[in-house]
Amino acid sequence: MEAADLDQINTLLDTDSELRERIKDQVNEFDKKTRLMVATLNKIHFTPPDTISALLDTVKSVIVGCQSVTKGLAEIVPPNQFWRWKDMWSNSLKTAVFASVLVEYLSSGQLAGLQQVSDQLGMREEWKDRVSLTVEDYLHGVISVVNELSRLAVNSVTLGNFDQPIKISHFVKELFAGFSMLNLKNDTLRRRFDSLKYDMKKIEEVVYDVSLRKLATVPIVPST
Amino acid sequence: MASSDQGQIRLAFQGFRDEIDAYNDRRERLIKASRDITNLSKKTIFLLHRLVLEGDASLDDKQLFTRAAKKGYEKLHQVQGIYATLKPELEGDRFWRYERQVSPGLQEYIEALSFAYYLEHGVLIPYNEVQKSISDAEGEPYFHLTVSDYLLGLSDLTGELMRFSISGLSRKGGRRKALEVCAFVRSCKADFERFTEHIRDLRKKQNVTNNSLEKIEDTVYAIAVRSSEYDLPPEMLDDIVATVSSQSNPGGGEDDL
Numbered sequence: 001m002e003a004a005d006l007d008q009i010n011t012l013l014d015t016d017s018e019l020r021e022r023i024k025d026q027v028n029e030f031d032k033k034t035r036l037m038v039a040t041l042n043k044i045h046f047t048p049p050d051t052i053s054a055l056l057d058t059v060k061s062v063i064v065g066c067q068s069v070t071k072g073l074a075e076i077v078p079p080n081q082f083w084r085w086k087d088m089w090s091n092s093l094k095t096a097v098f099a100s101v102l103v104e105y106l107s108s109g110q111l112a113g114l115q116q117v118s119d120q121l122g123m124r125e126e127w128k129d130r131v132s133l134t135v136e137d138y139l140h141g142v143i144s145v146v147n148e149l150s151r152l153a154v155n156s157v158t159l160g161n162f163d164q165p166i167k168i169s170h171f172v173k174e175l176f177a178g179f180s181m182l183n184l185k186n187d188t189l190r191r192r193f194d195s196l197k198y199d200m201k202k203i204e205e206v207v208y209d210v211s212l213r214k215l216a217t218v219p220i221v222p223s224t
Numbered sequence: 001m002a003s004s005d006q007g008q009i010r011l012a013f014q015g016f017r018d019e020i021d022a023y024n025d026r027r028e029r030l031i032k033a034s035r036d037i038t039n040l041s042k043k044t045i046f047l048l049h050r051l052v053l054e055g056d057a058s059l060d061d062k063q064l065f066t067r068a069a070k071k072g073y074e075k076l077h078q079v080q081g082i083y084a085t086l087k088p089e090l091e092g093d094r095f096w097r098y099e100r101q102v103s104p105g106l107q108e109y110i111e112a113l114s115f116a117y118y119l120e121h122g123v124l125i126p127y128n129e130v131q132k133s134i135s136d137a138e139g140e141p142y143f144h145l146t147v148s149d150y151l152l153g154l155s156d157l158t159g160e161l162m163r164f165s166i167s168g169l170s171r172k173g174g175r176r177k178a179l180e181v182c183a184f185v186r187s188c189k190a191d192f193e194r195f196t197e198h199i200r201d202l203r204k205k206q207n208v209t210n211n212s213l214e215k216i217e218d219t220v221y222a223i224a225v226r227s228s229e230y231d232l233p234p235e236m237l238d239d240i241v242a243t244v245s246s247q248s249n250p251g252g253g254e255d256d257l
């Protein structure tokens, strides 16, 4: 190879590795925040209903704090290279989605949509080719929420909240119906979706126990 | 939960389904195109191997190789035609999304292109030349060539050069050519070595390059040892070898390595 060609290649490769380092710094920042979210959200399993909203507010502020990371990434990633680098922060982002969707469900009983989560994390339409929330990452986050809710169904009974498992059951069934509409190929998302039935089974068992003993006040079958 | 909310979840997932389907469809199309490109490129490589052995006596090495290279480029026009049609599929941020589907065919194409280029110029094809070959008449790239695909494609060239040097041994001047190729592959290997820390797959391919190099080195060694037994100029040895090989094997002494 000519010296000039060698130099050209070297420059290109050096630029890439420098870029990688800078992204890594942002991801480390991101990870610190997502670890804090997960640690805080773990408390939902033993927090009584009257103090839960304060807990959720704490998590919410951490989620909103991720906006600086999103902005940082948008500044570092070169135009059109979103898909080249996204794997570096994909795991952190999935965790942030999990936190956001779980907080919204526990606050309002609703599913936070992709756009809503995206906005909360400070993603902007004009950054789409550098940083954005993909359908796949969003769905991974949603599946993690279902995993968590199956645990919460059990623990809320322990805390004396007998209605919670039934509400969770309705919500998760809706999500499952949604996932069933997707043509997933044999990837991790597909495998995780397949595992949802175990979560549903666990939730159903709790609902069965609660209803058998007539502990719940909400109807088992949704009013619609 | 209210019924409007159920509808919303359903609606959201319908949107996801459309997007996932569109992604999978495009992915399939690109995999098919990549397979076609791999096929055409492999055929070009075989073509080049055949053409360099089909020497008629009136052509010297340079003319023969240039002629082969030209025919190779012609065949590769088909590949460039496919890339031209793929341009819209890989526009904007899509290229990096489907990079893994594009890569295999692209590397095979670069291998074929660099083989033809080596025959014509005797050097590695520069990065800019490869990018130019997959750009339109105005020089607008169909998509961005990654350094990684460029280097990995070139790395495969060494295997072809090994075949080229060994199967050409019985040709006139084939032994001198083998020495040349040996030195060239050695310098390629050294050049690539610098990049292995950045490109993981290149490290694996360096092993293959090593094996190819060793085969060429062994061949060159055998030539040196044997020709030392005859105190004759190389041209006369060529004639002797040509006579013998044409007697023993009318199809030309092609080595099956």
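Chains as they are written, first to last, in full-length UniProt numbering: chain B, 1 to 224; chain Y, 1 to 257.
Note that CB positions come from ideal geometry on N, CA and C, so glycine has one too.
State buried or exposed for residue i, treating a residue as buried only when at least 16 other CB atoms are found within 10 Å of its CB.
i: Y/I45; result: buried
i: B/M123; result: buried
i: Y/V225; result: exposed
i: Y/E99; result: buried
i: Y/Y142; result: buried
i: Y/P250; result: Interpretation of Y/P250 is limited by its pLDDT of 47, a score under 50 that renders its predicted location unreliable; the figure taken from the coordinates is listed afterwards. Exposed is the call here.
i: Y/K32; result: exposed
i: Y/T85; result: exposed
i: B/K86; result: buried
i: B/Q120; result: buried
i: Y/L151; result: buried
i: Y/D239; result: exposed
i: B/F46; result: exposed
i: residue 259 of chain Y; result: The structure shown has nothing for residue 259 of chain Y, since chain Y only spans 1 to 257.
i: Y/T38; result: buried
i: B/D194; result: exposed
i: B/D7; result: exposed
i: B/E21; result: exposed
i: Y/G153; result: buried
i: B/A3; result: exposed
i: B/S17; result: exposed
i: B/Q164; result: buried
i: B/V218; result: exposed
i: Y/A68; result: buried
i: B/T11; result: exposed
i: Y/H83; result: Note that residue 83 of chain Y is Tyr in the sequence shown, not His. When all chains shown are included, Y/Y83 counts as buried.
i: Y/Q63; result: exposed
Tell me which residues share the same chain as residue i and place their Cβ nearer than 7 Å to its Cβ, disregarding the 5 neighbours each side in the sequence.
i: Y/T196; result: L202, R203 and Q206
i: B/L36; result: V62
i: residue 226 of chain B; result: The structure shown does not extend to residue 226 of chain B, since chain B spans only 1 to 224, so no value can be given for it.
i: Y/I125; result: L113, S114 and Y117
i: Y/S148; result: I199
i: residue 259 of chain Y; result: The structure shown does not extend to residue 259 of chain Y, since chain Y spans only 1 to 257, so no value can be given for it.
i: B/V64; result: Q120
Taking the DSSP output, what are the residues bridged to residue i?
i: Y/S135; result: Y/P141
Can you find the residues in the same chain that come closer than 6 Å, C-beta to C-beta, to residue i, ignoring five residues on each side of it along the sequence?
i: B/L130; result: Checking the sequence shown, residue 130 of chain B turns out to be Arg, not Leu. Within the same chain, B/R130 has close Cβ partners A74, V77 and F82.
i: B/Q26; result: V69, G72 and L73
i: B/W127; result: A74
i: Y/L90; result: F143
i: B/S211; result: I220
Thinking residue i and residue j are a contact (beta carbons under 8 Å), I'd like their distance in whole angstroms, please.
i: B/G141; j: B/V97; result: 3 Å
i: B/A99; j: B/V59; result: 6 Å
i: B/L152; j: B/F179; result: That belief does not hold up - the Cβ atoms of B/L152 and B/F179 are roughly 19 Å apart, past 8 Å.
i: B/L133; j: B/L93; result: 7 Å
i: Y/T66; j: Y/E108; result: Not confirmed; about 23 Å, so no contact.
i: Y/E111; j: Y/L157; result: 6 Å
i: Y/R175; j: Y/L169; result: 6 Å
i: Y/R35; j: Y/G105; result: 7 Å
i: B/F162; j: B/A216; result: 5 Å
i: B/L159; j: B/P48; result: 6 Å
i: B/D199; j: B/V146; result: 5 Å
i: B/V157; j: B/T95; result: With a Cβ gap of about 27 Å, B/V157 and B/T95 do not count as contacting.
Which same chain residues end up closer than 8 Å to residue i when comparing Cβ atoms and leaving out the 5 residues on each side of it in sequence?
i: Y/G159; result: V208, T209 and S212
i: B/E204; result: S169
i: B/L114; result: L133, V135 and Y138
i: B/V101; result: L111, A112, V117, G141, V142 and V145
i: B/G109; result: K167 and F171
i: B/I23; result: L73, I76, V77, W85, M88 and W89
Notebook entry, point to check: Counting pairs of beta carbons, one from the segment 23–32 of chain B and one from the segment 209–222 of chain Y, are three or more of them closer than 8 Å?
Noted result: no
Next item on the list: May I ask you to verify whether the segment 104–122 of chain B touches the segment 167–181 of chain B, counting CB pairs closer than 8 Å and requiring at least 3?
Entry: yes
Note to self: So, does the segment 173–182 of chain Y touch the segment 127–134 of chain Y, judging by three or more C-beta pairs under 8 Å?
What the structure shows: no
Notebook entry, point to check: How about the segment 72–83 of chain Y and the segment 7–17 of chain Y: do they share at least three Cβ pairs that are nearer than 8 Å?
Noted result: no
Margin query: Using 8 Å as the cut-off, can you tell me whether the segment 182–193 of chain B makes contact with the segment 15–27 of chain Y, which would need three or more C-beta pairs spanning the two stretches below that distance?
Written below: yes
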